[in-house]
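*Asks:* Structure incoming, see below.
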Amino acid sequence: MKGNKPVIAVTTGDPAGIGPEICEKALANPEIKSLAHYVVIGDRHLLPSRLIGRVSTAAGKASVEYVEKAIDMALRGEVDAIVTCPISKEAIHKAGYKYQGHTEILAARTKTKNYAMLFVAKPFWVMLVTIHIPLKDVSRSLKKSEVLRIIKLAHATLLKAGVKQPRIGVAGLNPHAGENGILGKEETTIIAPAVAVAKKAGMNVTGPISPDAIFNQAKDGKFDLVVAMYHDQGLIPLKLLSFGKAVNVTTGLPFIRTSVDHGTGFDIAGKNRARPDSLIEAIKVAVQLVKNR
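Here it is as structure tokens:
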């Protein structure tokens, strides 16, 4: 902290995408300028280059290096939080990295095991059990211990955020939450047992609930957070209701990290059409989390 303001590192993301543009726009916002001190991590010489709007090895390498620099600064206590602009998974793979995204870079670099991807939005929050894996691998990746870990982490995260009595809804995996095993057994053998253990530990958790019903219940205020079994299950309804306003938070790290809820926008890069709304929200959430820390 400098004075009463936090120091926030903002990584510009893939330099061929909209990250540099939204970063410039967000940090020009008077409200955002007043909230914190900022360290922008990127390459000035790459901004007007021929990289714009396409996947490249150079951009992939650069975008990972920005994140690594921000992580090192956070671990040394030089910044209070990290806010990240979007990177391209294809570009970082082209550059030789095996990470599936920001979350995996952050976890690997900090040697964090107990982490999760959380999305914060006004209708409700969503935390994911599985993250960046193919849909065909979701079922075999689900384990009772992992579902329980995410429920516990969700409960702890809500408490840290100031929710005194967290209410958590847990989505099923299959249509109609499996119909008692008729449409799938993951609910009865994996998800329900994890929910039962969490309840026994005193958490206010309900589930498994049919995926086509739980998000409407959360929107109506029944739950503070929904635990979703896989990436699109949680993010399609959230983005439908809050696109451009949701914030990606990596929980469990030794520092605060938030991010935008959208991709690199290669199709509009360099055209001055990108909106900074999600980045503005990500900065606001980071500042609030620092103050609640």
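Per this note's numbering, the sequence shown starts with residue 1055, numbered consecutively. Where a beta carbon is used, it is the ideal one built from N, C-alpha and C, also for glycine. In this text the structure is predicted, and so the values were computed from the model without any measurement.
(1) Do A1124 and P1069 count as a contact pair if the criterion is CB distance below 8 Å?
(2) What do you reckon, are the CB atoms on V1259 and I1222 nearer than 8 Å?
(3) Using 8 Å as the threshold, is the C-beta distance between A1336 and T1312 below it?
(4) Tell me whether P1330 is buried or exposed, calling it buried when 16 or more other Cβ atoms sit within 10 Å of its Cβ.
(5) Decide if the stretch 1074-1081 is in contact with the stretch 1126-1133; the criterion is three or more beta carbon pairs, one per stretch, under 8 Å apart.
(6) In terms of residue numbering, what span does the alpha helix (DSSP H) encompassing I1146 cover?
(7) Give the straight-line distance between the Cα atoms of V1280 and A1225, rounded to the nearest whole angstrom.
(8) Less than 8 Å between the CB atoms is what I'm expecting for V1109 and S1142, so what's the real figure, rounded?
(9) Put I1185 into one of helix, strand or coil per three-state DSSP.
(10) Starting from N1083 and walking both ways along the beta strand (DSSP E), at which residues does that stretch end?
(11) Taking just the CA atoms, how far does H1186 sit from E1144?
(12) Three or more C-beta pairs closer than 8 Å, one from the stretch 1297-1309 and one from the stretch 1318-1326: is that the case here?
(13) Thinking C-alpha only, which one of V1249, I1290, A1248 and R1098 is nearest F1178?
(14) Can you check whether the CB of N1346 is closer than 8 Å to the CB of K1214?
(15) Which one of V1249, T1164 and H1230 has the shortest CA to CA distance from S1199?
(16) Mind checking who R1221 pairs with in its DSSP beta bridge?
(17) Would you mind sorting N1326 into buried or exposed? The rule is 16 or more other CB atoms within 10 Å of its CB.
*Replies:* In terms of the structure at hand:
(1) With contacts defined by Cβ atoms closer than 8 Å, P1069 and A1124 do not form a contacting pair.
(2) Yes.
(3) Yes, they are a contact pair.
(4) Under this definition P1330 is a buried residue.
(5) The stretch 1074-1081 vs the stretch 1126-1133: no contact.
(6) Per DSSP, I1146 belongs to the alpha helix (DSSP H) from K1143 to K1148.
(7) Cα atoms of V1280 and A1225: separation of roughly 7 Å, rounded to the nearest angstrom.
(8) Contact flag correct, Cβ pair sits at about 6 Å.
(9) Judged by DSSP in its simplified three-state form, I1185 adopts coil rather than helix or strand.
(10) No beta strand (DSSP E) holds N1083; DSSP gives it neither H nor E.
(11) Rounded to the nearest angstrom, the two C-alpha atoms are 13 Å apart.
(12) By the C-beta criterion, the stretch 1297-1309 is judged not to be in contact with the stretch 1318-1326, since fewer than 3 inter-stretch pairs fall below 8 Å.
(13) Out of V1249, I1290, A1248 and R1098, I1290 has the C-alpha closest to the C-alpha of F1178.
(14) Cβ atoms of K1214 and N1346: closer than 8 Å.
(15) Closest by alpha carbon: V1249.
(16) Listed as beta-bridge partners of R1221 by DSSP are N1258.
(17) Around the CB of N1326, fewer than 16 other CB atoms lie within 10 Å, so the residue is classed as exposed.
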